[in-house]
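For reference, the structure discussed in these notes is given below.
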Amino acid sequence: MRNKETKRRQKNALLAAPCSLWMIAFIIIPLLMIVYYGLTKREDGSITLENLKLIADPINRRALWLSLKLSIISTIVCVLLAYPLGLMLRGLKIKSNSFIVLVFMLPMWMNFLLRTLAWLNILENNGILNTILKILHLPTLHIINTPTAIILGMVYNFLPFMILPIYNTLEKIDENVINAARDLGANGKQTFFKIIFPLSIPGVISGITMVFVPSLTTFVISNILGGSKVLLIGNVIEQQFQKLNNWNSGSGLSLVLMVFILLSMAFVGKDENTGRGAATW
Amino acid sequence: MEQKKLIDLVHITKRYGDNVVIDDLNLYIRENEFLTLLGPSGCGKTTTLRIIGGFETPDEGKVIFDGKDITKLPPNERHLNTVFQKYALFTHMTIAENIAFGLKIKKKSKQYIKDKIKYALKLVNLDGYENRMPDSLSGGQQQRIAIARAIVNEPKVLLLDEPLGALDLKLRQDMQYELIRLKNELGITFVYVTHDQEEALTMSDTIMVMNQGYIQQIGTPEDIYNEPENAFVADFIGESNILDAVMIKDYTVRILGVDFPCDSAGFGINKPVDVVIRPEDIDLVSPEEGTISGQVTSLIFKGVHYEMEVLAGGYEWLVHSTDLSAVGTNVGIRVDPYDIQVMNKPESKDEEAANYEE
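So the protein lines, in turn, are chains D and S.
Quick note on my numbering: the first sequence kicks off at 1 and runs consecutively.
Quick note on my numbering: the second sequence kicks off at 282 and runs consecutively.
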């Protein structure tokens, strides 16, 4: 019996091997490398905290602060857009779930870069938006290369990641649970705040994670829609690696950013079970 | 049964698209009554309950509650509460919070709510469960919490939508007695929806059998079982032999070409009818003594009785008896005149459904 059990385990371990190898090669080793570079000096490889302290540099500090601010605003905008939409979709009671998923995933099948460049075309000073405004004899807007442009880009690119988990948790709420609340005397508002919203929190948290993290670390959106005028922490790190070829300081800043992400996630998901909403992903 | 009418459904019709779910239904429910809506799935029983609860609006007709027209009133403004099929507990709240939900909405005092929770949990035999979460309870326990959550609001009517459907047999039977006890202790009206005829017979004061949106028969469990008004009711409630027959004259019915004495009259001469004979009402005697004779073709031991099939006159008679007749035995079938239930044959499907109105 025991022999059989051991054999079965060995077989299972064998099946897990490709995945384990992948994880070691592309997740664990790179992470260890970042930790190594982040904590050593570029010149002689001796251990130092200098790279981490780089975040205190005024430019970097401002970039991190702006990143936090823009990603928080984008996340809030995404929640405000996605939640009513999720409620509406639930109300429609569309039979085929996959149809909704398709509609929201469709734009994501197009290249991320392409979509962001399209926004550049729209928002440029002589872009589509201002052309239309001119035709209508309205004052033109200067949006490109401002934080607003970046927020627009973030919201547009990451909104699907907010809609899907929220819609999923809302859709799973049993109609009779809502009926029960009504039956026990709750009006529409009370039913929403006491039943529907609390039950959808796992989805909201999952969505926040899916939007906040990529917003905080993006450098492509800010590169394209911010020109070189808006510097986010993602751009700073990118520059360290690409332009200055300084892996050590880049890794150091990455480590600090990682700590920030972990802290904010711990704060958001404090005593909530994110499992259900996150299971969507 | 002199209680007053509490709920009156007047000419209720409900359609989903072209599909008529309830067709011109009239029904009244008395105070303190245990009324069961019984029927196969899709017969309109749950829709009827949802109309009373306010979760559906009828296309035509009125719902009168305690003398007032409540047809258009939303569920939260009706003085009745519902126990849903799959409990529908609030999974993000403790048991105490679940039970307190309705009372908090009504802004009752803390002490009042506390007392009520205690009282309700005691009533459903779950004292001490205040701080548990619904997910940690078994199905039967969750159902009792759902009942507790409803009754703390002191409704005049409790609506129950197949509340025992998700429970296993033993638990279901226990809960049936529990519900009867609860009803007697609370002294309120229960409107109960089920497709389980045994459940209906055990608990109800009145049973309303529904099919295809029509009421087939309303009556006490005894009436429904012993004197079904049509073949559908007879077939749905309990096991039965339903046969084509001809009413030769008053008190004589010809079944499978053989004349049986019966206690029915007023059908006319040579009128085609349906007859129902319950398996336990058939006596197996020697072939010479029987009204009709045949041979036992199968025998199954059922615990309380034997279930036999007897081929006689070209029909497989279902017979329940505590006395055994082996397969292959030649037997006679005898039925007491009052055990033959004669019913009008429906002339069309609509009439079959509508012939409860006499």
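Built from N, CA and C at the ideal position, the CB exists for glycine as well.
Here the structure is a predicted model, which means the values were calculated and not measured.
The stretch 526–545 of chain S makes no contact with the stretch 578–588 of chain S, as fewer than three CB pairs between them are under 8 Å. DSSP lists S:V534 as the bridge partner or partners of F541 (chain S). Judged by their CB atoms, Q457 (chain S) and T483 (chain S) are nearer to each other than the 9 Å cut-off.
Taking the C-beta atoms as reference points, V557 (chain S) is found nearer than 9 Å to I621 (chain S). Measuring C-alpha to C-alpha distances from V103 (chain D) to each of D:F260, D:L159, D:L216 identifies D:L159 as the nearest. Residue burial is scored here from C-beta neighbours: N465 (chain S) has fewer than 16 other C-beta atoms within 10 angstroms and is therefore classed as exposed.
Secondary structure at M528 (chain S): strand, using DSSP grouped into helix, strand and coil. Among the CB atoms of chain S, none fall inside 9 Å of the CB of R90 (chain D).
Minimum Cα-Cα distance from M154 (chain D) among the listed residues D:F193, D:I132, D:I208 corresponds to D:I208. A Cβ-Cβ distance of about 42 Å is found for the pair E171 (chain D) and R61 (chain D), leaving them out of contact under the 8 Å criterion. Bounds of the alpha helix (DSSP H) holding K326 (chain S) are 326–334. Between L199 (chain D) and A431 (chain S), the C-beta gap is not smaller than 9 Å, which leaves the two residues out of contact. For G325 (chain S), not one C-beta of chain D is nearer than 9 Å to its own C-beta.
T338 (chain S) carries a coil assignment under DSSP once its states are collapsed to helix, strand and coil. With respect to chain D, the C-beta atom of F548 (chain S) has no partner C-beta closer than 9 Å. About 15 Å separates the CB atoms of V490 (chain S) and L330 (chain S); that is not less than 8 Å, and the two are not in contact. Bounds of the alpha helix (DSSP H) holding L133 (chain D) are 128–135. Residue environment: N511 (chain S) is assigned as buried (16 or more neighbouring CB atoms within 10 Å of its CB, all protein chains considered).
In terms of CA proximity to F346 (chain S), S:K285 leads the group S:G298, S:D396, S:K285. In the three-state scheme derived from DSSP, where H, G and I count as helix and E and B as strand, A593 (chain S) is classed as strand.
Looking at S:S419, S:P436, S:V474, S:P356, the one whose alpha-carbon comes closest to that of G446 (chain S) is S:V474. In chain order, Y393, I394, K397, V433, N434 place their CB closer than 8 Å to the CB of L384 (chain S), counting only its own chain and leaving out the 5 sequence neighbours on each side. Pairing R453 (chain S) with T328 (chain S), the inter-Cα distance amounts to about 23 Å. Residue pairing for D289 (chain S): DSSP places it in a beta bridge opposite S:Y309, S:I345. Not one beta carbon of chain S lies nearer than 9 Å to the beta carbon of K134 (chain D). Nearest Cα to G421 (chain S) within the set S:F382, S:E443, S:P436, S:E503: S:E443. Of all residues in the stretch 337–359 of chain S, only P355, P356, N357, E358, R359 come within less than 9 Å of chain D when Cβ atoms are compared, listed by chain position. If the five residues before and after D350 (chain S) are omitted, its C-beta is found closer than 6 Å to the C-beta atoms of K343, all from its own chain and listed in chain order. Secondary structure note for N551 (chain S): it is in no alpha helix (DSSP H), with a DSSP letter that is neither H nor E.
By the neighbour-count criterion, in which a residue is buried when 16 or more other Cβ atoms sit within 10 angstroms of its Cβ, T317 (chain S) is buried. Counting the other CB atoms within 10 Å of its CB gives L319 (chain S) a total of 16 or more, which places it among the buried residues.
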